[in-house]
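A.B. asks:
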Amino acid sequence: MSVSVELFKRDIMRLSHTALFDCLPTLPADTLLPLIAAFKRDPRPDKIDVGVGVYRDAAGKTPVFGAVKSAERALLETQQSKGYLGPEGDIGFVRAIEAIVFGDLDLGSRLTSLQTPGGTGALRLAAELIVSARPEARVFVGAPTWANHPPVLSAARLAVVEHDYFDRTGQRLAFDRMMAALDDAQPGDAVLLHGCCHNPTGVDLDPDQWAEVAAFMARRGLLPFIDLAYQGLGAGVSEDAAGLHAVLKQVEEAVIAYSCDKNFGLYRERTGALFVVSRNASTAAHVRANLEALARTCWSMPPDHGAAVVRTILEDAELTSSWRAELETMRLRIVDIRARLAATHPLFAPLIGHKGMFATLPLSPEEVQQLREEDGIYMAGSGRINVAGLTASQVAPFAAAVARLR
Ligand code: LMR
Numbered sequence: 036m037s038v039s040v041e042l043f044k045r046d047i048m049r050l051s052h053t054a055l056f057d058c059l060p061t062l063p064a065d066t067l068l069p070l071i072a073a074f075k076r077d078p079r080p081d082k083i084d085v086g087v088g089v090y091r092d093a094a095g096k097t098p099v100f101g102a103v104k105s106a107e108r109a110l111l112e113t114q115q116s117k118g119y120l121g122p123e124g125d126i127g128f129v130r131a132i133e134a135i136v137f138g139d140l141d142l143g144s145r146l147t148s149l150q151t152p153g154g155t156g157a158l159r160l161a162a163e164l165i166v167s168a169r170p171e172a173r174v175f176v177g178a179p180t181w182a183n184h185p186p187v188l189s190a191a192r193l194a195v196v197e198h199d200y201f202d203r204t205g206q207r208l209a210f211d212r213m214m215a216a217l218d219d220a221q222p223g224d225a226v227l228l229h230g231c232c233h234n235p236t237g238v239d240l241d242p243d244q245w246a247e248v249a250a251f252m253a254r255r256g257l258l259p260f261i262d263l264a265y266q267g268l269g270a271g272v273s274e275d276a277a278g279l280h281a282v283l284k285q286v287e288e289a290v291i292a293y294s295c296d297k298n299f300g301l302y303r304e305r306t307g308a309l310f311v312v313s314r315n316a317s318t319a320a321h322v323r324a325n326l327e328a329l330a331r332t333c334w335s336m337p338p339d340h341g342a343a344v345v346r347t348i349l350e351d352a353e354l355t356s357s358w359r360a361e362l363e364t365m366r367l368r369i370v371d372i373r374a375r376l377a378a379t380h381p382l383f384a385p386l387i388g389h390k391g392m393f394a395t396l397p398l399s400p401e402e403v404q405q406l407r408e409e410d411g412i413y414m415a416g417s418g419r420i421n422v423a424g425l426t427a428s429q430v431a432p433f434a435a436a437v438a439r440l441r
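Numbering (the working numbering) for the sequence shown: 36 to 441.
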């Protein structure tokens, strides 16, 4: 065949094939993150951002914790190497977090701990582990939940079963409906529970409900999958782990995904951990080998800086008490904003009994849109608000704009 015929054939092939990336599916846009850009673009000086879950102080800023700044300075001076640590990350960091999560609960060699890129990395790794152990496993997830839970879990091919969690009209937990749904779970299925400060509703299980669901999971052989992303912002550091403790006292196995985004203000540093509780030490060794292999295929090794900062804080008594004081100030500010909102209008009254940064208001997507256009109030389309996004002086205009719709 002549050279020119060969080239002609190649050109024809080039023209007839579809470019690979033209085959990509069209995805719905993320519902939350575009709010950041839309809010920035809005020129109105009195606009209000209660969208993305980022803590703001009384002046409306998200400052770096003083304890974090001090730890960063110390690290800059003392860190001798940036060499690899391995797929398990910074073990000093995970040991320090173990102490504030598990307290005096002695899990001994049943516990496997690993640093992860944020709480999201922990969720994904836990889902991968569950699927490796039992490909047909399902995870029961109360709705509404963090918008990223179902996609992260199903990206690991873990089947997600959504069930009722929240009574939107009554602004309370739909506990009976939740338990009725869990009745359908099979041994080896997982149950996702928010350890504290439920995102997006602020409605947590009370101690009796924790005990009941823990006994149910133990009896039925279900795996508790606890997402602890706001420790210290609900009722206090140890109080916010009480539900988790109630569960661990009753079950043989559990997974806990932990995030330092909010309680150390390390959002963009992607600092988290995964804890897996196994039946015994030999299963735990097997779990560790599997987790390290999975982590190696996902991100090889987690980013170091945030974890090194947290370790530096928690290994130093003075920095720890400074961090605890800053966290407590944040928590009390959230409690105060909840109380101020609750005092404005009956619509907000239930917020005083709820915990953490979020609340879900009974607003339609159209009403959410109207608030954005007419009042410059930015919240998630679901009606979720970031209570910690409001300053004290924004409470009255915010509440008046929302109450006007009722
Ligand atoms: C939120 O729920 O707003 C935060 O956790 C940020 C995020 O990643 O969605």
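For every residue, glycine included, the Cβ atom is placed at its ideal position computed from N, Cα and C.
Is the beta carbon of V286 within less than 7 Å of some heavy atom of the ligand LMR?
C.D. replies: V286 Cβ: outside cutoff for every heavy atom of the ligand LMR.
A.B. asks: Whole angstroms are fine: how far does the CA of A157 sit from the CA of E163?
C.D. replies: In a straight line, the C-alpha of E163 is about 10 Å away from that of A157.
A.B. asks: Counting pairs of beta carbons, one from the region 234–253 and one from the region 198–217, are three or more of them closer than 8 Å?
C.D. replies: Touching, yes.
A.B. asks: My understanding is that E361 touches F100, with C-beta atoms under 8 Å, so please give their C-beta distance in whole angstroms.
C.D. replies: Confirmed, Cβ separation roughly 5 Å.
A.B. asks: Would the beta-carbon of G88 be found less than 7 Å away from any heavy atom of the ligand LMR?
C.D. replies: It does: the Cβ of G88 is within 7 Å (strictly closer) of some heavy atom of the ligand LMR.
A.B. asks: So, at 6 Å on beta carbons, what are the nonlocal neighbours of G269 in its own chain, with the 5 sequence-adjacent residues on each side left out?
C.D. replies: Once the five neighbours on either side are set aside, the close Cβ partners of G269 are C231, C232, D275, K390 and G391.
A.B. asks: Grouping DSSP H, G and I as helix and E and B as strand, with all else coil, what is R441?
C.D. replies: Coil.
A.B. asks: Can you check which of these residues, I126, W181 and I420, is closest to H229 by C-alpha distance?
C.D. replies: If we check each option's Cα against that of H229, W181 comes out closest.
A.B. asks: Starting from E197, trace the beta strand (DSSP E) in both directions and tell me its first and last residue.
C.D. replies: Run containing E197: A194 to D199, per the beta strand (DSSP E) assignment.
A.B. asks: Taking the alpha-carbon positions, what's the M213 to G271 distance?
C.D. replies: So the two alpha carbons sit approximately 26 Å from each other.
A.B. asks: Y413 and F175 look like a contact to me (Cβ under 8 Å); what is the Cβ gap, rounded to whole Å?
C.D. replies: The pair is not a contact, with the Cβ atoms about 32 Å apart (cut-off 8 Å).
A.B. asks: Near I372, which residues of its chain fall below 6 Å by C-beta distance, leaving aside the five closest residues on each side in sequence?
C.D. replies: Answer for I372: V422 and L425, listed in chain order.
A.B. asks: For T97 and chain C, any beta-carbon pair shorter than 8 Å?
C.D. replies: Note that chain C does not occur in the displayed structure, where there is just one protein chain.
A.B. asks: Excluding the five sequence neighbours on either side, which residues of its own chain have a C-beta within less than 7 Å of the C-beta of A102, listed in chain order?
C.D. replies: If we look at A102 and ignore the five residues flanking it on each side, its Cβ neighbours are I348, L354, S357, W358 and E361.
A.B. asks: Let me make sure I understand the geometry here. Which of L398, P400, E402 and I369 has the alpha-carbon closest to that of G388?
C.D. replies: Nearest of L398, P400, E402 and I369 to G388, Cα basis: I369.
A.B. asks: With DSSP as the reference, label L367 as helix, strand or coil.
C.D. replies: Reduced to three states, the DSSP call for L367 is helix.
A.B. asks: Any chance the CB of W181 is under 7 Å from a heavy atom of the ligand LMR?
C.D. replies: Yes, the beta carbon of W181 sits closer than 7 Å to at least one heavy atom of the ligand LMR.
A.B. asks: Just to confirm the assignment, what range does the beta strand (DSSP E) spanning I71 have?
C.D. replies: It is not in any beta strand (DSSP E) - I71 instead sits in the alpha helix (DSSP H) that spans P69 to R76.
A.B. asks: What do you get for H321, buried or exposed, if any count of 16 or more other CB atoms within 10 angstroms of its CB means buried?
C.D. replies: By the 10 Å Cβ count, H321 comes out exposed.
A.B. asks: Do you know offhand how far S313's Cα is from R145's?
C.D. replies: When rounded, the distance between both Cα atoms is 5 Å.
A.B. asks: Taking only three categories from DSSP, how would you classify G118?
C.D. replies: Three-state result, G118: coil.
A.B. asks: Is it the case that the CB of N315 approaches a heavy atom of the ligand LMR more closely than 7 Å?
C.D. replies: Checking the Cβ of N315 against the ligand LMR gives no.
A.B. asks: Is L23 close to the ligand LMR? I mean its beta-carbon at under 7 Å from any heavy atom of the ligand.
C.D. replies: In the structure as shown, the chain begins at 36 and stops at 441. Residue 23 is therefore absent and cannot be evaluated.
A.B. asks: Mind checking which residues open and close the alpha helix (DSSP H) that includes G153?
C.D. replies: Note, G153: alpha helix (DSSP H), G153 to A168.
A.B. asks: Nearest CA to the CA of V136: which residue from A277, H198 and Y90?
C.D. replies: Comparing Cα-Cα distances from V136 to each of A277, H198 and Y90, the minimum goes to A277.
A.B. asks: Rounded to whole angstroms, what is the Cα-Cα separation between V311 and M252?
C.D. replies: When rounded, the distance between both Cα atoms is 16 Å.
A.B. asks: Just to confirm the assignment, what range does the alpha helix (DSSP H) spanning R323 have?
C.D. replies: Looking at the DSSP string, the run of the alpha helix (DSSP H) that includes R323 is A316 to C333.
A.B. asks: Taking 8 Å as the threshold, find out whether the region 289–308 comes into contact with the region 90–100 through three or more Cβ pairs.
C.D. replies: Yes, since at least three Cβ pairs between the region 289–308 and the region 90–100 fall closer than 8 Å, the two stretches touch.
A.B. asks: Name the one or two DSSP bridge partners that P259 has.
C.D. replies: In DSSP, P259 forms a bridge with V226.
A.B. asks: Could you check if N234 belongs to the surroundings of the ligand FAD, using beta carbon to heavy atom distance under 7 Å?
C.D. replies: No copy of the ligand FAD occurs in the structure displayed; its ligands are the ligand LMR alone.
A.B. asks: Classify T151: buried if its beta carbon has 16 or more other beta carbons within 10 angstroms, exposed otherwise.
C.D. replies: Under this definition T151 is a buried residue.
A.B. asks: Since T66 and A415 are thought to touch, with beta carbons under 8 Å apart, how far apart are those beta carbons, to the nearest angstrom?
C.D. replies: That pair is a contact at about 6 Å.
A.B. asks: Is D57 helix, strand or coil when you go by DSSP?
C.D. replies: Three-state result, D57: helix.
A.B. asks: Using alpha carbons as the reference points, say which of D351, P338, G154 and G95 lies closest to R260.
C.D. replies: The residue asked about is misnamed: residue 260 is Phe in this sequence, not Arg. Closest by alpha carbon: G154.
A.B. asks: Would you kindly report the start and end of the unbroken beta strand (DSSP E) that includes G442?
C.D. replies: This structure cannot speak to residue 442, because the chain is shown only from 36 to 441.
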